[in-house]
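Taking it in order: structure first as structure tokens, then the write-up.
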Amino acid sequence: MKVAGADRVIVVVSPDNREAIKAVLGETVEYAVQEQADGTGGAVASCLQLLHGNTENMLVVGADTALVQLDSVNTLLETHSEAAASMAVLTAPSDGPSDLGRVVLSKGGKIIRIVEASEVEGNRDELSPLFNAGVYCFKYSWLERSIGKLRPRPSGELYLTDLAAIGSRAKAGVSPVLVGEMEEVIGINNRSQLAIAEAVIRDRIREQWMLAGVTMTDPGTVYIDADVTIGMDTTILPNTILSGTTSIGENCEIGPNSVIRDSAIGHNCRVTSSALEEATMEDHTDIGPFSHLRPGAYLESGVHIGNYVEIKESRFRSGAVMGHFGYAGDATIGARVNVGAGMITCNYDGKAKHRTVVEDDAFIGCDTMLVAPVTVGEGSITGAGAVVTKDIPPARLAVGVPATIKRNLK
């Protein structure tokens, strides 16, 4: 709504759902509490108590109308202003049965009244081929005077749509405005409709990024959240999910079969059949297939992580390599370190986590166990199968179970 130029955005909530909705929207909007479930008319009336007449026009959008595009809203606002109408209604062409209401038009093309979906059968002869899309613009002064004329239906609810008939009888002018696309009027009243709406939104997001220079080889299998950002000339391969606040740089290849959440990936990176959660990959890094970066994993530029590797709360400095089969938790792996297959940082003693430090240019042999807290010094080497329980000074060779210093490498 703010994108459409609204000075204030008010969300109508009930006493029961107020806190849940506020937890999602926060303080970015104002809240009007509809104390009783007395329909859409009652919902709008609760907003008027906050406005106190300090506005010219009021845009009303149903919470179940999530797909309306900005262009359609702008057209509604412009038509409302140009026609000097008291009320303008967003409409869509009818193409068959629907749970949307229908409008009745005068010979001059103005709206005489709106017929609810439940009442369509008895009024088909006078119906126009237009649906009511559930988005309205009101002249505020007219709305404030007229909303008190609404009368409860048998259900006890006040229908906002009855204002169309009230305006027509008063010759106040009620204008229909067509939406740009039929998909914009899809309502969300059950899980099935929610799935349909989500599919539409995913299509829009994918199209946005493809038009911005991102390649998707099988777009229908790619899921991208609204807050994700992707750089030019990046390729997203099939069965990839990008969620949360994930950011991906330029010239990357992501996927196939990858899941990335709330992570930052730099330029010229590759993620193959792997999962990332709250992780960071700097430029020119790659991972996979079948590896997992857990929260706190950080790969500096030029790091290579191969297959079946899990990293958590650990930083790999520039040029470090961990090609296959291993776990690094609560660790710092220095620049240009080579980590052999099967290396594990034993970071948990049953009570607390401890850190492991492997300094620059060290070489960690296959199946090495690093029992934290422990440090492997700069340029040192561990032999295959070593169990390191004590710090290794720089430039030393350590082998055995437990590992002992065998040679000074200086």
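Quick note on numbering: full-length UniProt numbering labels position 187 of the sequence shown as 187, and the sequence is numbered without any gaps.
Ideal Cβ placement from N, Cα and C applies to all residues, glycine included.
In this text the structure is predicted, and so the values were computed from the model without any measurement.
Over what stretch of residues does the alpha helix (DSSP H) that includes residue i continue unbroken?
| i | result |
| --- | --- |
| G41 | G39 to L51 |
| I392 | Taken as a continuous stretch (DSSP letters only), I392 belongs to no alpha helix (DSSP H), as it is neither H nor E. |
| S168 | D162 to R169 |
| R206 | R191 to L211 |
| residue 413 | Past the edges of the chain, shown from 1 to 410, lies residue 413, and the structure says nothing about it. |
| L25 | R18 to L25 |
Thinking just about the alpha-carbon of each residue, which of the options is nearest to the one in residue i?
| i | options | result |
| --- | --- | --- |
| V174 | R8, E359, I230 and I112 | I112 |
| V387 | L194, V358, G350 and C346 | C346 |
| D134 | K390, G62 and L67 | In the sequence as presented, Asp is not what sits at residue 134; that position holds Gly. Measuring from the Cα of G134, the nearest candidate turns out to be G62. |
| A32 | L51, A23 and V24 | L51 |
| D283 | C47, V13 and I248 | I248 |
| A164 | N307, A362, A197 and S106 | S106 |
| R151 | G266, L48, V214 and T40 | T40 |
| A372 | I364, F363, R396 and V357 | V357 |
| P256 | T246, I236 and G266 | I236 |
| G340 | S192, Y308, G350 and E198 | Y308 |
| I265 | F290, T234, N239 and P238 | T234 |
| N408 | P402, P394, V401 and M232 | P394 |
| Q49 | E30, L67, Q193 and A66 | E30 |
| V321 | P295, D349 and C366 | C366 |
| Y327 | N190, I364 and R204 | I364 |
| K171 | M281, A84, L370 and K351 | A84 |
| G296 | T332, V179 and G156 | T332 |
| V24 | E82, A398, V11 and I114 | V11 |
Could you pull out every residue in the same chain whose Cβ sits closer than 6 Å to the Cβ of residue i, ignoring the five residues on either side in sequence?
| i | result |
| --- | --- |
| S94 | P129 and F131 |
| T285 | C269, L299 and V303 |
| I241 | Y223 and V259 |
| G368 | Note that residue 368 is Thr in the sequence shown here, rather than Gly. Same-chain partners within the cutoff: M343, T382 and A386. |
| G319 | G302, A335 and R336 |
| A45 | I147 |
| I21 | V13 |
| residue 448 | Residue numbering for the chain in the displayed model covers 1 to 410; residue 448 lies beyond these limits and cannot be assessed. |
Assuming residue i and residue j are in contact, meaning their beta carbons sit under 8 Å apart, how far apart are those beta carbons, in whole angstroms?
| i | j | result |
| --- | --- | --- |
| D262 | E250 | No, D262 and E250 are not in contact; Cβ-Cβ is about 20 Å, not under 8 Å. |
| F138 | M58 | 5 Å |
| V200 | I186 | 7 Å |
| Q69 | E198 | The Cβ separation is near 16 Å, so there is no contact. |
| E144 | G53 | 6 Å |
| H292 | E310 | 5 Å |
Would you kindly report the start and end of the unbroken beta strand (DSSP E) that includes residue i?
| i | result |
| --- | --- |
| K139 | L130 to K139 |
| M232 | M232 -> no beta strand (DSSP E), and no H or E assigned at all. |
| N57 | N57 to V61 |
| R407 | T404 to N408 |
| R113 | I111 to V115 |
| P176 | V174 to L178 |
Residues in its own chain within less than 7 Å of residue i by CB, not counting five upstream and five downstream?
| i | result |
| --- | --- |
| L76 | A88, L90, V135, C137 and V177 |
| K353 | D330 and N347 |
| R169 | none |
| S273 | P256, N257, S258, G288, P289 and F290 |
| V3 | L70 |
Here's a check: name, in chain order, each residue in its chain whose Cβ is nearer than 8 Å to the Cβ of residue i, leaving out the five neighbours to either side.
| i | result |
| --- | --- |
| D361 | G334, A335, R336, V337, E378 and G379 |
| T55 | D7, R8 and Y140 |
*Would you list, in sequence order, the uninterrupted beta strand (DSSP E) runs of no fewer than 3 residues that lie entirely inside the region 251 to 334?*
259 to 261, 275 to 277, 304 to 312, 321 to 329 and 331 to 333
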